Amino acid sequence: MDYPVIFPLRDRLEHLAPDAVRRIVEGQGFVQAPAHEPTGGQSSGRGDSEIWYKLAGRGYAIVRIDSQGHARTLRDSSLGESRFVLGAASGAHGGVPHYHKEWIEARLFPQYLETYVPQVVRYDDAGDPVTGAMNDGKAKQTHIKR
Numbered sequence: 120m121d122y123p124v125i126f127p128l129r130d131r132l133e134h135l136a137p138d139a140v141r142r143i144v145e146g147q148g149f150v151q152a153p154a155h156e157p158t159g160g161q162s163s164g165r166g167d168s169e170i171w172y173k174l175a176g177r178g179y180a181i182v183r184i185d186s187q188g189h190a191r192t193l194r195d196s197s198l199g200e201s202r203f204v205l206g207a208a209s210g211a212h213g214g215v216p217h218y219h220k221e222w223i224e225a226r227l228f229p230q231y232l233e234t235y236v237p238q239v240v241r242y243d244d245a246g247d248p249v250t251g252a253m254n255d256g257k258a259k260q261t262h263i264k265r
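Going by the working numbering, the sequence shown opens with residue 120, and the numbers climb by one from there.
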């Protein structure tokens, strides 16, 4: 995989408000992807994320804004009939607003807009790649706190 060694956006996003992040990424040539409806599930869809992207090599650099954290769908049987309810946070960073810097190959970008894609390359706020971020306890490095 030919991902950028340094993320194309070097600006730090930690502790910035979502509007400030939007101004920065737009000023650096990122374009906002069309919004998708939330699909529920633990990060199964991208409806709860705002995605900004720009071409970077053979793929796309992405800044993902999770301004409300991650909503998760839970089963609610309190009314006698099972139904799904959005809004419960999941995971250590689930309910905390945060940002991500990521890169994905161009051929996988349409799939990325719809759901989780394991081939995504994650970066820390400094723009350095964080390998194995989902599997070896490094997820904290790739969740940039608001």
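Backbone N, C-alpha and C fix where the C-beta goes; we use that ideal spot for every residue, glycine too.
It should be emphasised that the depicted structure is a prediction, and the values quoted were computed from it without experimental measurement.
- Along the length of the segment 121-182, whole alpha helix (DSSP H) runs at least 4 residues long occupy 137-146, reported in chain order.
- Bridge pairing for Glu224: Gly178 [DSSP].
- One thing to note: Gly246 has its Cβ no nearer than 8 Å to the Cβ of Ile170.
- Residue burial is scored here from C-beta neighbours: Pro237 has fewer than 16 other C-beta atoms within 10 angstroms and is therefore classed as exposed.
- DSSP places Tyr242 inside the beta strand (DSSP E), whose first and last residues are Val240 to Tyr242.
- The criterion of a C-beta distance shorter than 8 Å is not satisfied by Ile181 and Ile143.
- Taking the C-beta atoms as reference points, Tyr218 is found nearer than 8 Å to Ile263.
- In this structure, Ser186 is the residue among Ser168, Ser186, Leu232 and Tyr122 with its C-alpha nearest to the C-alpha of Asp138.
- Per DSSP, reduced to three states, the secondary structure at Tyr231 is helical.
- A straight line joining the alpha-carbon of Asp121 with that of Ala136 spans about 31 Å.
- Nearest C-alpha to Arg131 among Glu233, Asp244, Glu145 and Phe149: Asp244.
- In the structure shown, Pro237 falls within a coil segment according to DSSP collapsed to helix, strand and coil.
- Of the candidates Arg177, Pro248 and Tyr242, the residue whose Cα lies closest to the Cα of Ala225 is Arg177.
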